[in-house]
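Structure first, commentary second.
Residue numbers (my numbering): 6 to 203.
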């Protein structure tokens, strides 16, 4: 009798560890965490400032933010005039590319969320006008720094120094001003090769 009861208990114990039960438990656990903050939720209502917007990394980042975080408020893009093209023309060429076809289909008015800012990362204070700087310091929550030189015929000294100084000197300085001016959680400053900030 005791042996029969013991076998019944063992079968019950084995049944409780059946893979199907694990799936059920995992689903229940996932459901219990459904209220956690997700990336799209985090970016909802947020404003981003981006350097290197017309570069490969910058383009992909803009598209990714718009497509995966439809609730994002604004993406300010630092763009410098180039080859007799103004910043608005350069931005239009960027958003007209095939990269944004999916975003264009899902969000026909996505271009309203992208605002060009005239400037240059190699200039002090990023070459941004006082008016634009005040706007950015007031509105920006997150800073992405993805700008770097792509002139491969530059001297080795300039190529080695350029990505780090002055771009990673001026951008964190600008980032600090945003955090200093606003009473909210610290802004995150990121660049592809490193993370700078708090």
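We treat Cβ as the ideally placed atom computed from N, Cα and C, and that holds for glycine.
Going by the DSSP bridge assignment, what does residue 119 pair with across the sheet?
80
Which residues in the same chain as residue 50 place their Cβ atom closer than 6 Å to its Cβ, once the five residues preceding and following it in sequence are excluded?
78
State the start and end residues of the unbroken alpha helix (DSSP H) segment that holds residue 67.
61 to 73
From residue 80 to residue 109, what does the alpha carbon distance come to, in whole angstroms?
16 Å
Return yes when the Cβ of residue 96 is within less than 8 Å of the Cβ of residue 124, no when it is not.
no
Identify, in the order they occur along the chain, each residue of the same chain with its Cβ nearer than 6 Å to the Cβ of residue 57, setting aside the five sequence neighbours on each side.
63, 151, 152
Boundaries of the alpha helix (DSSP H) in which residue 108 is found, first to last residue
106 to 111
Minimum Cβ-Cβ distance from residue 89 to chain C less than 8 Å:
In the structure shown, chain C does not exist; there is a single protein chain.
Since residue 133 and residue 53 are thought to touch, with beta carbons under 8 Å apart, how far apart are those beta carbons, to the nearest angstrom?
About 15 Å separates the two Cβ atoms, so there is no contact after all.
Under 7 Å: does the beta carbon of residue 119 sit that close to some heavy atom of the ligand MN?
As for the ligand MN, it is missing from this structure, which has no ligand bound.
In the DSSP output, what is residue 87 paired with across the bridge?
90
Beta-carbon separation of residue 1 and residue 138 under 8 Å?
Because the chain spans 6 through 203 in this model, residue 1 falls outside it and cannot be assessed.
Among residues of its own chain, excluding the 5 on either side of residue 70, which ones have a beta-carbon nearer than 6 Å to its beta-carbon?
77
Starting from residue 46, follow the alpha helix (DSSP H) in both directions and report where the run begins and ends.
44 to 48
Anyone know if the C-beta pair for residue 72 and residue 107 falls short of 8 Å?
yes
Three-way DSSP call (helix, strand, coil) for residue 132 in this model:
helix
Could you have a look at residue 175 and say whether DSSP puts it in helix, strand or coil?
Residue placement at residue 175 cannot be trusted, given a pLDDT of 49 that sits under 50; what the coordinates show is reported in the next sentence. Reduced to three states, the DSSP call for residue 175 is helix.
Nearest residue (CA-CA) to residue 149, options 67, 43, 46:
67
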